[in-house]
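Note sheet for the following structure.
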Amino acid sequence: MIDISIIIVGFKNARLVRQTLKGIRRAAPTVSCEVLISENDPTGATAHVAKEFPEVRVLNNEKNLGFGLAMNRGIEAAGGRYILVFNPDIVVLPGAFEELVRYLDANPGVGIVGPRLRNPDGGLQLSCYRFMEPITVLYRRLPFIRRIRAVRRHLDEYTLADWDHASTREVDYLLGAAMMVRRDALQKVGGFDPKYFMYFEDQDLCRRFWKAGWKVVYHPAAELVHYHRRETADGNFFRQLLHPLTRIQIKSAVYYFYKYRGESNPRTSTCHTP
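Just so you know, UniProt numbering puts the end of the sequence shown at 274, numbered straight through with nothing missing.
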């Protein structure tokens with residue numbers, strides 16, 4: 001069986017996909033890999049890029065399915081022991097894939113593992129978090145209130161900013177830009193919730209893994225570079241509020257908090273014996 005199925009969602013990002021595929025090829029992982037692109041752009045622009053990489057499979061979706069549903073389509077077609085949820089703005093560093101596979105092989109109770117992410121300048125990119133509360137969303141949307149000490153403390157707790165991120169650690173959830181998921185666990189827990197078009201689907205998946213008894217772990221021995229750009233953070237508050245992606249994010253937040261209303265943190269309240 002293939003070790004890793006790398007799944008990328010394509011949507012008007014052919015240039016990024018090309019660079020990522022080149023990076024995967026350049027890293028020359030020693031574990032067996034397959035790459036699947038779940039193409040959300042009906043024009044099929046990414047498919048033209050994939051012709052340069054005959055080892056890549058492209059799944060053409062009839063319309064933009066959103067992230068979670070497109071990712072599920074890739075998961076259904078994948079044959080690997082582990083599923084690597086992968087953004088097209090990631091630079092692969094040598095040994096990262098091998099280290100994630102090694103860790104999951106050695107830790108059968110872990111359902112999802114995520115690497116340390118670096119910014120292009122080499123600085124740490126925060127990529128693991130505590131589960132959000134409704135107030136967290138508001139605080140992140142209102143930068144002018146971050147001068148208040150209690151707000152800063154809340155956001156620092158959310159981003160685990162008081163920790164150097166240099167050690168392996170169980171976390172509530174991982175950023176969905178790059179996380180490796182145990183396939184047999186995914187089959188039991190279920191894939192991404194398709195009701196999230198974008199945003200919150202990574203938090204939701206990790207929460208369901210914890211509820212099912214699987215651990216979610218941040219593992220910095222594996223490193224990748226992420227060219228992250230938070231589009232909904234561009235401009236002032238009112239411009240952010242009017243951004244189409246902001247409306248999608250708010251809709252996802254409302255669904256997430258309604259779905260888990262009244263529930264305690266499953267990481268601290270679940271017996272982890274999958």
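Glycine included, C-beta positions come from ideal geometry on N, C-alpha and C.
Could you give the distance in angstroms between the alpha-carbon of residue i and the alpha-carbon of residue j?
i: Arg147; j: Val216; result: 32 Å
i: Val113; j: Met179; result: 6 Å
i: Thr20; j: Pro134; result: 34 Å
i: Ala212; j: Ala78; result: 22 Å
i: Ser252; j: Ala96; result: 31 Å
i: Thr232; j: Arg116; result: Below a pLDDT of 50, predicted positions are generally treated as unreliable, and Thr232, at 45, falls in that range; no measurement from the model is reported.
i: Tyr255; j: Tyr199; result: 11 Å
i: Arg149; j: Trp163; result: 18 Å
i: Val151; j: Trp214; result: 31 Å
i: Leu138; j: Val58; result: 38 Å
i: Asn265; j: Gly122; result: 33 Å
i: Leu16; j: Lys22; result: 10 Å
i: Thr268; j: Leu160; result: 16 Å
i: Phe192; j: Arg153; result: 31 Å
i: Glu201; j: Thr246; result: 15 Å
i: Phe53; j: Asn60; result: 16 Å
i: Arg140; j: Gln249; result: 12 Å
i: Glu55; j: Ala166; result: 35 Å
i: Lys188; j: Lys63; result: 28 Å
i: Asp184; j: Asp89; result: 27 Å
i: Leu142; j: Pro194; result: 28 Å
i: Ala222; j: Pro244; result: 34 Å
i: Tyr82; j: Leu155; result: 32 Å
i: Ile4; j: Arg18; result: 19 Å
i: Asn107; j: Thr136; result: 32 Å
Taking 7 Å as the cut-off, decide whether the C-beta atoms of residue i and residue j are in contact.
i: Arg73; j: Ser38; result: yes
i: Val35; j: Ile75; result: no
i: Ile24; j: Gly80; result: no
i: Gly68; j: Tyr196; result: yes
i: Glu98; j: Thr168; result: no
i: residue 295; j: Ala27; result: The shown model of the chain, from 1 to 274, leaves out residue 295, and the question about it has no answer.
Can you say whether residue i is buried or exposed, counting buried as having 16 or more other CB atoms within 10 angstroms of its CB?
i: Phe144; result: exposed
i: Met71; result: buried
i: Asn119; result: exposed
i: Pro42; result: exposed
i: Gly176; result: buried
i: Gly111; result: buried
i: Glu157; result: exposed
i: Gly190; result: exposed
i: Val181; result: buried
i: Leu84; result: buried
i: Gly235; result: Confidence at Gly235 is low in this model, with a pLDDT of 49, below 50, so the placement of that residue should be treated as unreliable; the coordinate-derived value is given next. Its Cβ having fewer than 16 others within 10 Å, Gly235 is exposed.
i: Pro220; result: buried
i: Ala14; result: buried
Thinking residue i and residue j are a contact (beta carbons under 8 Å), I'd like their distance in whole angstroms, please.
i: Asn40; j: Leu65; result: 6 Å
i: Val171; j: Tyr227; result: So it is not a contact: roughly 23 Å between Cβ atoms.
i: Tyr173; j: Gln203; result: 5 Å
i: Val92; j: Leu186; result: The pair is not a contact, with the Cβ atoms about 22 Å apart (cut-off 8 Å).
Tell me, please, whether the stretch 101 to 112 touches the stretch 129 to 136 by the rule of three or more beta-carbon pairs shorter than 8 Å. no
Are at least three pairs of beta-carbons, each pair with one atom in the stretch 202 to 213 and one in the stretch 248 to 265, less than 8 Å apart? yes
Using 8 Å as the threshold, is the stretch 46 to 65 in touch with the stretch 6 to 24, meaning 3 or more CB pairs across them? yes
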